[in-house]
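Notes follow the structure.
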Ligand SMILES: Cc1ncc(C[n+]2csc(CCOP(=O)(O)OP(=O)(O)O)c2C)c(N)n1
Ligand SMILES: [Mg+2]
């Protein structure tokens, strides 16, 4: 841990930083349990884990209000949890059970829970971007003061839907924030074979005319502060905002395993990112500011218990009845 990082912790709001750490740990606790139990064969859908890249999700989840909306991607567990999602509803959904947040119809890549402003994840890269912009248009028309947040990966920048949506958002000055998690890969393809090296993602976004910034997504506190400012910008009516946060997934693109043996990324690169664990970093900053090791251990034990309870709930829940397949998930009146 560089001394400068510890020094940065001096200006921290300790309550907010503690909540940020809690959100990251909650994501990791449940995702590590998914990884450990995936082999049991009861989670019958593909899962894309965010272990190692919890920083941007937790930072945005904390900066947004509960009523603000978010949409996300195939790698959406972290965003749902960060937005205040229910672990039981999420695990039951991954088990395909009727008690799941999408009533067992969606699985890991189709999480939706309007009670926490989570308007859905979809598996088609770029697909949720126009949905998030549409939510912002609704918010603007209704003048309800809400902001919508679009989580997207570096791969989604290469989709036409991204550019069409951003263009429209800028044109109409919509209250939408784009949080781009640049983990440098789209499946096995590194950024270097997909985008020119001298054109950073955030610069490309900025060229569309919105307020754009970038930062280290594994520095969760700095990410939170930067996102807070952009949420305020969007909420004030000044137009859309974009942030690119660099980070790294530890496990394979899809599934519970590690896949460095495949050779698409270097072991040294992986190791360097592991040493920049966003959770360890913030925890060290909080310990430096007086939090106790004991407190941290108790927090982890209680999160593990919450995750275990979510798995027990999912296992004990029934599968949906066949007729459920023909029933709409939400009534018209549930729309924003
Ligand atoms: C339109 C479309 N093209 C390709 C795919 C296959 N695919 C699934 S995830 C993924 C990688 C996306 O990369 P990124 O947006 O950076 O997200 P990450 O997986 O790194 O979180 C791809 C290409 C898809 N689902 N949809
Ligand atoms: Mg990526």
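Numbering (the working numbering), first residue to last: 7 to 342.
Just so you know, even glycine gets a beta-carbon here, dropped at the ideal spot from N, CA and C.
All values reported here derive from a predicted model rather than from experimental measurement.
When the distance is taken between beta carbons, is residue 335 closer than 8 Å to residue 100? Residue 100 sits at position 94 when you count from the first residue of the chain shown. Residue 335 sits at position 329 when you count from the first residue of the chain shown. The Cβ-Cβ distance between residue 100 and residue 335 does not fall below 8 Å.
Compute the distance between the beta-carbons of residue 229 and residue 210, then report whether it is under 8 Å. Here residue 229 is taken as the residue at index 223 of the chain shown, counted from 1. Here residue 210 is taken as the residue at index 204 of the chain shown, counted from 1. Contact flag unset, no.
Just how far apart, CA to CA, sit residue 87 and residue 218? Numbered from 1 along the chain shown, position 81 holds the residue referred to as residue 87. Numbered from 1 along the chain shown, position 212 holds the residue referred to as residue 218. The alpha-carbon separation between residue 87 and residue 218 amounts to approximately 25 Å.
What are the uninterrupted segments assigned as alpha helix (DSSP H) that are 4 or more residues long and contained completely in the segment 37 to 88, given in chain order? Every alpha helix (DSSP H) stretch that sits fully inside the segment 37 to 88 and reaches 4 residues is listed by chain position as 60 to 69, 83 to 88.
Quick one, are the C-beta atoms of residue 46 and residue 84 less than 8 Å apart? As a position in the chain shown, residue 46 is number 40, starting the count at 1. As a position in the chain shown, residue 84 is number 78, starting the count at 1. No, these two residues do not count as a Cβ contact at 8 Å.
Taking 7 Å as the cut-off, is the CB of residue 184 close to at least one heavy atom of ligand 2? Numbered from its first residue, the chain shown carries residue 184 at position 178. Not under cutoff, so the answer is no.
Residue from 288, 340, 254 whose Cα sits closest to the Cα of residue 27: For this step, residue 27 is matched to residue 21 along the chain shown. For residue 27, the closest C-alpha among the options 288, 340, 254 is that of 288.
Report all residues for which the CB-ligand distance to some heavy atom of ligand 3 is below 7 Å; order them along the chain. Ligands present in the displayed structure are limited to ligand 1 and ligand 2, and ligand 3 is not among them.
Under 8 Å between C-beta atoms of residue 58 and residue 29: Counted from its first residue, the chain shown places residue 58 at position 52. Counted from its first residue, the chain shown places residue 29 at position 23. No; because the gap between Cβ atoms is not below 8 Å, this pair is not in contact.
Can you tell me which of the three DSSP states residue 246 falls into? Within the chain shown, numbered from 1, the residue matching residue 246 stands at position 240. Of the three classes helix, strand and coil, the one that applies to residue 246 here is coil, per DSSP.
Please report the distance separating the alpha-carbon of residue 51 from that of residue 43. Counting from 1 along the chain shown, the entry for residue 51 is found at position 45. Counting from 1 along the chain shown, the entry for residue 43 is found at position 37. Each residue's Cα considered, the two are about 13 Å apart.
Identify whether residue 269 lies in helix, strand or coil by the three-state DSSP scheme. Indexing the chain shown from 1 puts residue 269 at position 263. If DSSP states are grouped into helix, strand and coil, residue 269 belongs with coil.
Decide if the segment 143 to 157 is in contact with the segment 190 to 204; the criterion is three or more beta carbon pairs, one per stretch, under 8 Å apart. Remark: fewer than three beta-carbon pairs, one from each stretch, lie closer than 8 Å, so the segment 143 to 157 and the segment 190 to 204 are not flagged as touching.
Under the criterion of a Cβ to heavy atom distance below 7 Å, does residue 129 qualify as lining ligand 1? Start at 1 with the first residue of the chain shown, and residue 129 comes out as number 123. Yes - ligand 1 has a heavy atom lying nearer than 7 Å to the Cβ of residue 129.
Is it the case that the CB of residue 253 approaches a heavy atom of ligand 1 more closely than 7 Å? To locate residue 253, count along the chain shown from 1; it is residue 247. Flag unset: Cβ of residue 253 not near ligand 1.
Hey, would you say the C-beta of residue 83 is under 7 Å away from at least one heavy atom of ligand 1? Against the chain shown, residue 83 aligns to sequence position 77. Incorrect: residue 83 has no Cβ contact closer than 7 Å to ligand 1.
Can you tell me where the alpha helix (DSSP H) with residue 6 in it begins and where it stops? Nothing can be reported for residue 6, as the shown portion of the chain is limited to 7 through 342.
Please classify residue 216 as buried or exposed, where buried requires at least 16 other C-beta atoms within 10 Å of its C-beta. Position 210 of the chain shown, counting from 1, holds the residue named residue 216. Taking all protein chains shown into account, residue 216 has 16 or more neighbouring C-beta atoms within 10 Å of its C-beta and is therefore buried.
So does residue 166 have its beta carbon nearer than 7 Å to some heavy atom of ligand 1? Start at 1 with the first residue of the chain shown, and residue 166 comes out as number 160. Taking 7 Å as the cut-off, the C-beta of residue 166 does not count as close to any heavy atom of ligand 1.
Please report the straight-line C-alpha distance between residue 20 and residue 292, rounded to a whole angstrom. Your numbering for residue 20 matches position 14 in the chain shown. Your numbering for residue 292 matches position 286 in the chain shown. Cα to Cα, residue 20 sits roughly 8 Å from residue 292.
By Cβ distance, which residues of its chain are closer than 7 Å to residue 73, with the 5 residues on each side in sequence left out? As a position in the chain shown, residue 73 is number 67, starting the count at 1. Non-local C-beta neighbours of residue 73 in its own chain, meaning closer than 7 Å and more than five positions away in sequence, comprise 123, 152, ordered along the chain.
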